[in-house]
Amino acid sequence: MAETTTRSQPATNSTAPTSEERESWTVHDFTGIQAIGSGKFGKVFKAVERYTGLPCALKVVFKHMLEKFDFFSQMKRELEIQWRLDHPNIVKLHGYFYDAKNIYVVLEYCEHGNLYQKLRREKCFSEERARHIIAQIVEALLYLQERNVIHRDIKPENILVADLDTLHVKLCDFGWATHTINERRTTFCGTVDYVAPELVY
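All the letters of the sequence shown, read from the start, carry residue numbers -17 to 183 under my numbering.
Rendered as structure tokens:
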């Protein structure tokens, strides 16, 4: 990863570095960087913020891919929306920074992977466990609804497991999220595997 020189936008909660603690971030402010995932627009790394010891997920988004698919406005909207969210069942955005090639998004790290991976390992959940998970996602969605936000890509891959013992889950990836105030949305978006068949055929 290239060195960055631009200002970060650190979060202001007690566990993340604040603007008083760090005027800016660069990739050199993160240690123990390990790749944990990749996608169309970039890669995700597990990392530790050097000055606070905070484990985080460092999402690296390639600018050339955003430009190729004209997704800069969508990336900006994702950051603006998630920046304002603070809920126990939604992954926290700690901040972001960027350089000439990439945008770096610093997110809360959930060490137990996503719900899709857990389902593949266990094959199925008991009714009680499924109810517990669904209840948490409903709480997150009600919170979003109160703020006129729709996620538009709910799927097991976008539900992270924060704690195995309590099966505490968190909604993540607001790449398709948008604001809506009393208006009907007609954009075809999300993941094809999870949309209604009549929208595909």
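All residues carry an ideal CB built from backbone N, CA and C; glycine is no exception.
In the structure shown, Pro70 falls within a coil segment according to DSSP collapsed to helix, strand and coil. Inside the stretch 105 to 148, DSSP marks whole alpha helix (DSSP H) runs of 4 or more residues at positions 109 to 128, from first to last along the chain. The C-alpha of Ile63 lies about 8 Å from the C-alpha of Phe156. When C-alpha distances from Ala117 are compared across Val151, Lys137, Gly21, Tyr91, the shortest belongs to Val151.
By the Cβ rule, the stretch 68 to 83 counts as touching the stretch 111 to 129, because three or more pairs are nearer than 8 Å. Annotation: Glu93 is outside any beta strand (DSSP E) and is labelled neither H nor E by DSSP. Distance from the CA atom of Leu149 to the CA atom of Lys137, rounded to whole angstroms, is 17 Å. Selection Gly14, Cys92, Glu104, Val120 evaluated against Ile132 yields Val120 as nearest (Cα-Cα). Straight-line measurement puts the Cα of Leu36 at about 21 Å from the Cα of Asp147. Counting C-beta atoms within 10 angstroms of its own C-beta, Cys154 has 16 or more neighbours from the protein chains shown and is therefore classed as buried. For Ser55, the enclosing alpha helix (DSSP H) stretches over residues 54 to 65. When rounded, the separation of the alpha-carbon atoms in Leu40 and Lys28 is 6 Å. Only buried fits Asp135, as 16 or more other CB atoms lie within 10 angstroms of its CB.
When secondary structure is reduced to three states using DSSP, Lys45 falls in the helix class. Rounded to whole angstroms, the gap between the alpha carbons of Tyr33 and Val26 is 21 Å. According to the DSSP assignment, His76 belongs to the beta strand (DSSP E) that extends over 75 to 80.
In this structure, Ile85 places its C-beta atom within 9 Å of the C-beta atom of Tyr78. Annotation for Gly24: Val42, Val43, Phe44 place their beta carbon closer than 6 Å to its own, counting only its chain and skipping 5 residues before and after.
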